[in-house]
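**Student:**
Listed below in structure tokens is the structure:
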């Protein structure tokens, strides 16, 4: 039965030892332990705060990078649009120049054709006039072999000339 109920002396010395150990722990151990726990808590809180700040910075960096990428895409689209506009302007300018050159060549060809036609007409008229004079000369020589026939022709011409005036 001694095992279940300790004796008074044992109980006294156990209680005295317990209170001495409790006092020593209270005086020297618990403050150190609570300081270590507080330091550990402060370290964990600081680490969590830094991790949260790092996550916020990372989110900001991601937002900035997305913003920069979006801006780069917009600039790329603008540059591509400007390049397409410049290409279209160059093509349009080249087409307009080709149209003008074609119109100029066509006009030059028309002028050359017109000059050739006028020269051909003038040449034909000259030839016709020469042939007409030769034919008239031959016809007149045959018809006007006498002086009387020549005088009749001269009088008729003078009469026609005075009528036409």
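Residue numbers (the working numbering): 1345 to 1509. Backbone N, C-alpha and C fix where the C-beta goes; we use that ideal spot for every residue, glycine too. Quick caveat: nothing in here was measured; it's all calculated off a predicted structure.
1) At what residues does the alpha helix (DSSP H) containing residue 1351 begin and finish?
2) Measure the C-alpha to C-alpha separation of residue 1385 and residue 1417 and round it to an integer number of angstroms.
3) Tell me the rounded alpha-carbon separation between residue 1498 and residue 1468.
4) For residue 1411 and residue 1428, I'd like the C-alpha separation in whole angstroms.
5) Quick check: the Cα distance between residue 1398 and residue 1387, rounded to an integer number of angstroms?
**Tutor:** Judging by the given coordinates:
1) Taking the first residue of the chain shown as position 1, residue 1351 is located at position 7. Element bounds for residue 1351: n/a, residue is neither H nor E.
2) Within the chain shown, numbered from 1, the residue matching residue 1385 stands at position 41. Within the chain shown, numbered from 1, the residue matching residue 1417 stands at position 73. Cα to Cα, residue 1385 sits roughly 47 Å from residue 1417.
3) As a working mapping, residue 1498 is identified with position 154 in the chain shown. As a working mapping, residue 1468 is identified with position 124 in the chain shown. Cα-Cα distance, rounded: 29 Å.
4) For the purposes of this step, residue 1411 is taken as residue 67 along the chain shown, with counting starting at 1. For the purposes of this step, residue 1428 is taken as residue 84 along the chain shown, with counting starting at 1. Approximately 25 Å between the Cα atoms of the pair.
5) As a working note, residue 1398 is residue 54 in the chain shown. As a working note, residue 1387 is residue 43 in the chain shown. Those two C-alpha atoms are separated by around 16 Å.
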